[in-house]
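**Q** One structure follows; several queries about it will come next.
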Amino acid sequence: MVHAVTRSCSRGDLLTCGCDGRHRGPRNHNYDITPNETWKWGGCSEDVMSGVKFSRSFLNPGEDNRNARSAMNRHNNEAGRQAVINSVELACKCHGISGTCEFKTCWWQQTSFRKLGDNLKVRYDSAKEMVVIPQVTTRGSEYSLKPKYKMFKKPTKSDLVYYETSPTYCDYDPDNGSFGTTGRVCNASSHAIDGCELMCCQRGYRTQRVERIERCDCQFIWCCEVVCKQCKREYDVHTCK
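At position 99 of the sequence shown the residue is numbered 1296 (our numbering), and the sequence of numbers has no breaks.
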């Protein structure tokens, strides 16, 4: 939401916001970048804080800590906002004769949505496990979260948190939307998520020798054709038990 609203502001799609005219550095840093003789501020710096403000006003009222999931959502929503704030980077455009970069104009813009998602995926993999703490207040029961293990640091505003462990997804479980991993093709030599050891959930795997017909010995014929032979090659295909 923050990314989309901020981008709409810079495009002029919304009447309540526009470009960030303050030309300050990313809000998570305590410094500014000062122009010099090689560049100056120009273009439309994206006003991330407008997107952040909209997101808070839109999402926070629906998450009032009356249950554990709301407490988790409030924290994780803020972590998402911080991820966008921390992703702001300096973008520049060159000016000069015949494409030379004698001078540049620069502005602040969000990183791509893909890079933002990659960053959140890293935080997802290192999310902090919490426990639910019920509290009785004048408004009724409310819930807060605290780290499950005292030896770990308290999560920051940028960390993602959870209090329920994820299903393993190893076995067929339609209630959780899992088709299981039986029959999945895996990589016997990999120790990553595509590796047989992890994907097959320690059930082991089967190996089958298969024959495939592929193009080989390709040659370029002037002009303009590529001629290839057809070769039979054998491969080992590994599938989870």
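Glycine included, each C-beta is placed from N, C-alpha and C at the ideal position.
Using 10 angstroms around the beta-carbon of Y1321, count the other beta-carbons present and answer buried if the total reaches 16, otherwise exposed.
**A** As a working note, residue 1321 is residue 124 in the sequence shown. Counting Cβ neighbours within 10 Å, Y1321 comes out exposed, since fewer than 16 surround it.
**Q** Going by the DSSP bridge assignment, what does Q1306 pair with across the sheet?
**A** By one-based count along the sequence shown, residue 1306 stands at place 109. The partner list for Q1306 (beta bridge, DSSP) reads E1286.
**Q** To the nearest angstrom, how far is it from the Cα of F1417 to the Cα of D1356?
**A** Here residue 1417 refers to the residue found at position 220 of the sequence shown. Here residue 1356 refers to the residue found at position 159 of the sequence shown. Cα-Cα distance, rounded: 54 Å.
**Q** So, at 7 Å on beta carbons, what are the nonlocal neighbours of C1425 in its own chain, with the 5 sequence-adjacent residues on each side left out?
**A** The count along the sequence shown starts at 1 and reaches residue 1425 at position 228. Once the five neighbours on either side are set aside, the close Cβ partners of C1425 are R1412, C1413, D1414, C1415.
**Q** Just verifying my parser: in three-state terms, what is the DSSP assignment at P1371?
**A** Start at 1 with the first residue of the sequence shown, and residue 1371 comes out as number 174. Here P1371 sits in helix by DSSP.
**Q** Please report the distance separating the alpha-carbon of R1204 from that of V1423.
**A** Residue mapping note: residue 1204 aligns to position 7 of the sequence shown, counting from 1. Residue mapping note: residue 1423 aligns to position 226 of the sequence shown, counting from 1. Roughly 45 Å separates the two Cα atoms.
**Q** On the three-state DSSP scale, how would you describe P1364?
**A** Numbered from its first residue, the sequence shown carries residue 1364 at position 167. Coil, per DSSP.
**Q** Please classify Y1340: does DSSP put it in a helix, a strand, or coil?
**A** As a working mapping, residue 1340 is identified with position 143 in the sequence shown. Here Y1340 sits in strand by DSSP.
**Q** Would you mind working out which of Q1332, V1333, M1327, R1336 sits nearest L1342, comparing C-alpha positions?
**A** For the purposes of this step, residue 1342 is taken as the residue at position 145 of the sequence shown. Minimum Cα distance to L1342 is reached at M1327.
**Q** Starting from the C-beta of H1292, find all residues in its chain whose C-beta is less than 6 Å away, skip the five residues before and the five after it, and write them out in chain order.
**A** For the purposes of this step, residue 1292 is taken as residue 95 along the sequence shown, with counting starting at 1. Correct list, in chain order: F1300.
**Q** Determine the direct distance from the alpha carbon of Y1402 to that of G1392, and round the result to whole angstroms.
**A** In the sequence shown, residue 1392 corresponds to position 195, counting from 1. In the sequence shown, residue 1402 corresponds to position 205, counting from 1. If you take the alpha carbons of G1392 and Y1402, they lie about 11 Å apart.
**Q** What separation, rounded to the nearest whole angstrom, lies between the Cα atoms of G1218 and V1358?
**A** By 1-based counting over the sequence shown, the position of residue 1218 is 21. By 1-based counting over the sequence shown, the position of residue 1358 is 161. Spanning the two alpha carbons is a distance of roughly 35 Å.
**Q** Can you tell which of K1438, T1213, D1244, M1348 has its C-alpha closest to the C-alpha of W1304?
**A** In the sequence shown, the residue the question calls residue 1304 occupies position 107. Nearest C-alpha to W1304: D1244.
**Q** Pull up the distance between the alpha-carbon of V1281 and that of D1372, whole angstroms please.
**A** Your numbering for residue 1281 matches position 84 in the sequence shown. Your numbering for residue 1372 matches position 175 in the sequence shown. Going from the Cα of V1281 to the Cα of D1372 covers about 34 Å.
**Q** Quick check on the DSSP output: the alpha helix (DSSP H) that includes E1394 runs from which residue to which?
**A** The residue labelled residue 1394 in the question sits at position 197 within the sequence shown. 1393-1396 is the span of the alpha helix (DSSP H), which, as asked, contains E1394.
**Q** Quick check on Q1399: does DSSP put it in helix, strand or coil?
**A** Here residue 1399 refers to the residue found at position 202 when the sequence shown is read from its first residue. Residue state, collapsed to three classes: coil.
**Q** Cβ atoms of E1260 and R1271: under 7 Å apart, would you say?
**A** Residue mapping note: residue 1271 aligns to position 74 of the sequence shown, counting from 1. Residue mapping note: residue 1260 aligns to position 63 of the sequence shown, counting from 1. Cβ distance < 7 Å, so R1271 and E1260 count as in contact.
**Q** So the beta strand (DSSP E) T1436 belongs to, where does it begin and stop?
**A** Counted from its first residue, the sequence shown places residue 1436 at position 239. Residues 1422-1437.
**Q** Hey, could you find the ends of the beta strand (DSSP E) T1334 is sitting in?
**A** Position 137 of the sequence shown, counting from 1, holds the residue named residue 1334. Unbroken beta strand (DSSP E) run through T1334: 1325-1334.
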